[in-house]
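Undergrad:
Number of protein chains: 2
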Amino acid sequence: MESVFEIIAEPNRRAILSLLVSSEQSVGEIERRLRMPQPTVSKHLRVLREAGFVESTVDAQRRVYRLKSGPLKEIDAWLAQFRRFWAAHVDALERHLDRMDREQHGSSTPTKINRKKMPRPKPRR
Amino acid sequence: MESVFEIIAEPNRRAILSLLVSSEQSVGEIERRLRMPQPTVSKHLRVLREAGFVESTVDAQRRVYRLKSGPLKEIDAWLAQFRRFWAAHVDALERHLDRMDREQHGSSTPTKINRKKMPRPKPRR
DNA sequence: CACGTATATGCTATATAGGGTATATAAAGG
DNA sequence: CCTTTATATACCCTATATAGCATATACGTG
């Protein structure tokens with residue numbers, strides 16, 4: 203469970219992150235707002251903390267958690283390569299290819315394409 | 203395994219996506235470039251296809267896979283809320299709080315903070 | 001110091017994703 | 001047709017993340 207992507211794969215954790223984006227919250231507040239059992243909250247917070255998504259400060263018996271930007275920026279950085287992609291393909295080509303037979307068989311079913319005879323698959327070394 | 207986040211949690215799948223960002227590839231090409239067993243490639247491609255990350259067209263015996271932007275944009279959209287966050291906190295406050303005792307105990311260990319006596323925890327409802 | 005509140009942690013059970021291997025399907029070509 | 005190439009799938013196995021519950025720890029207060 204090392205990568206940032208595995209961390210945010212969990213719905214409850216994403217919920218916690220989204221909650222913290224507005225302002226810092228104590229465990230109890232998270233517990234009540236998200237209606238999840240306290241041990242669950244604590245465990246997910248632990249994962250988030252160790253991954254650097256959040257940090258906490260102690261205030262009497264309460265632990266107040268707040269967001270940290272590092273790991274989220276990391277995800278953002280990974281996405282960058284794809285932004286370049288969908289910027290290029292301003293969807294012009296995509297639409298062209300899909301449109302003609304969308305719903306016909308969708309894209310979960312491989313799309314049969316008509317092609318000029320292939321140059322016979324070369325034996326691979 | 204419904205959410206887009208769970209899909210990209212898998213390292214091999216992220217590798218495939220990153221490979222496809224340059225150009226479309228057949229299963230065999232992916233197999234060789236990423237050095238992973240063919241059934242593994244096919245299985246991950248299936249997951250990616252059903253989640254809408256990629257689409258495929260048939261070309262003789264080959265299946266050519268290419269990237270689709272939808273789900274990636276969805277992730278990007280989720281990240282938006284946090285971009286607003288880390289834009290606000292231009293890290294000014296953050297650095298201030300961390301700096302003083304970074305490495306001291308890191309942020310995986312809750313940071314003890316000095317506080318003026320709290321107004322006594324109100325009984326909850 | 002006994003008690004209530006707040007949070008963390010230990011333990012067990014369970015589901016499920018992913019790897020490996022073998023095999024099915026399908027298309028081309030001789 | 002029989003073989004080769006290309007990809008998909010079925011099956012089994014294992015590892016591990018998460019939920020649920022109980023309990024420990026810690027702090028503050030009367």
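For the protein sequence lines, the chains are A and B, in the order given. The opening residue of the first sequence carries number 203 in our numbering; numbering runs sequentially from there. The opening residue of the second sequence carries number 203 in our numbering; numbering runs sequentially from there. Glycine residues also receive a C-beta, built at the ideal position from the N, C-alpha and C atoms. As the structure is a computational prediction, the values presented were derived from the model and not from experiment.
1. Just reading off the alpha helix (DSSP H) that B/Glu212 is part of, what are its end residues?
2. Per DSSP, what kind of secondary structure is A/Ser205 in: helix, strand or coil?
3. Look at B/Val249 and B/Glu212 and say whether their C-beta atoms are less than 9 Å apart.
4. Counting only beta-carbon separations shorter than 9 Å, does B/Arg286 have a partner in chain A?
5. Tell me, please, whether the CB atom of B/His246 is closer than 9 Å to any CB atom in chain A?
6. Shorter than 9 Å from the beta carbon of B/Ile210 to some beta carbon of chain A?
7. Considering only their Cβ atoms, is the gap separating B/Phe255 from B/Pro273 smaller than 9 Å?
8. Name the two residues that bound the continuous beta strand (DSSP E) containing A/Glu257.
9. For A/Ser224, which three-state DSSP category applies?
10. Out of A/Met238, A/Glu257, A/Arg237, state which residue places its alpha-carbon closest to the alpha-carbon of A/Ser225.
11. Assign B/Arg286 to one of three DSSP states: helix, strand, or coil.
12. Along the region 222–255 of chain B, where does the CB come closer than 7 Å to a CB of chain A? Name the residues.
13. If I'm right that A/Phe287 touches B/Val223 with Cβ under 8 Å, what's the distance once you round it to whole angstroms?
14. Kindly indicate which three-state DSSP category B/Arg171 falls into: helix, strand or coil?
15. Rounded to whole angstroms, what's the CA-CA distance from A/Glu252 to B/Arg251? Just pull it up for me.
16. Can you confirm whether B/Ile277, when its beta carbon is compared against all beta carbons of chain A, has any partner nearer than 9 Å?
17. What do you get for A/Lys245, buried or exposed, if any count of 16 or more other CB atoms within 10 angstroms of its CB means buried?
18. Just confirm the distance between the C-beta atoms of B/Ile210 and A/Phe284, as a whole number of angstroms; I'd bet it's less than 8 Å.
19. In or out: B/Leu227 buried (at least 16 other Cβ within 10 Å) or exposed?
20. Which residue wins for smallest C-alpha separation from B/Leu269, given the options B/Met203, B/Leu281, B/Ala279, B/Leu219?
21. So, is B/Arg215 buried or exposed, given that buried needs 16 or more other C-beta atoms within 10 angstroms?
TA: In terms of the structure at hand:
1. Working through the second sequence from its first residue, we reach residue 212 of chain B at position 10. Taken as a continuous stretch (DSSP letters only), B/Glu212 belongs to no alpha helix (DSSP H), as it is neither H nor E.
2. Residue 205 of chain A sits at position 3 when you count from the first residue of the first sequence. A/Ser205 falls in the coil class under three-state DSSP.
3. As a first step, residue 249 of chain B must be located in the second sequence, where it is residue number 47. As a first step, residue 212 of chain B must be located in the second sequence, where it is residue number 10. Cβ atoms of B/Val249 and B/Glu212: closer than 9 Å.
4. By one-based count along the second sequence, residue 286 of chain B stands at place 84. Yes, B/Arg286 lies at the interface with chain A (some Cβ there is under 9 Å from its Cβ).
5. Here residue 246 of chain B corresponds to residue number 44 of the second sequence, with the count starting at 1. False, the Cβ-Cβ gap to chain A never drops below 9 Å.
6. Here residue 210 of chain B refers to the residue found at position 8 of the second sequence. Yes, B/Ile210 counts as interfacial toward chain A.
7. What you label residue 273 of chain B is simply residue 71 of the second sequence in a count that begins at 1. What you label residue 255 of chain B is simply residue 53 of the second sequence in a count that begins at 1. Yes; because the gap between Cβ atoms is below 9 Å, this pair is in contact.
8. The residue labelled residue 257 of chain A in the question sits at position 55 within the first sequence. Looking at the DSSP string, the run of the beta strand (DSSP E) that includes A/Glu257 is 256–261.
9. On the first sequence, position 22 is the one that residue 224 of chain A refers to. Reduced to three states, the DSSP call for A/Ser224 is coil.
10. For this step, residue 225 of chain A is matched to residue 23 along the first sequence. If we check each option's Cα against that of A/Ser225, A/Glu257 comes out closest.
11. Along the second sequence, one-based indexing puts residue 286 of chain B at 84. Note: B/Arg286 maps to helix in three-state DSSP.
12. Val223, Arg251, Glu252
13. Counting from 1 along the first sequence, the entry for residue 287 of chain A is found at position 85. Counting from 1 along the second sequence, the entry for residue 223 of chain B is found at position 21. Rounded, the Cβ-Cβ distance is 5 Å, consistent with contact.
14. Lying outside 203 to 327, the shown extent of chain B, residue 171 of chain B is not represented and no answer is given.
15. As a working note, residue 252 of chain A is residue 50 in the first sequence. As a working note, residue 251 of chain B is residue 49 in the second sequence. Distance between the alpha carbons of A/Glu252 and B/Arg251: 33 Å.
16. For the purposes of this step, residue 277 of chain B is taken as residue 75 along the second sequence, with counting starting at 1. For B/Ile277, at least one C-beta of chain A is nearer than 9 Å to its own C-beta.
17. To locate residue 245 of chain A, count along the first sequence from 1; it is residue 43. When all chains shown are included, A/Lys245 counts as exposed.
18. Start at 1 with the first residue of the second sequence, and residue 210 of chain B comes out as number 8. Start at 1 with the first residue of the first sequence, and residue 284 of chain A comes out as number 82. Not really, about 10 Å apart at Cβ, beyond 8 Å.
19. Within the second sequence, residue 227 of chain B is the residue found at index 25, counting from 1. Residue identity differs from the one stated: residue 227 of chain B is Gln in this sequence, not Leu. So B/Gln227 ends up on the buried side.
20. Numbered from its first residue, the second sequence carries residue 269 of chain B at position 67. Residue B/Leu219 is the option with its Cα nearest to B/Leu269.
21. Residue numbering aside, residue 215 of chain B sits at position 13 when the second sequence is read from its first letter. When all chains shown are included, B/Arg215 counts as buried.
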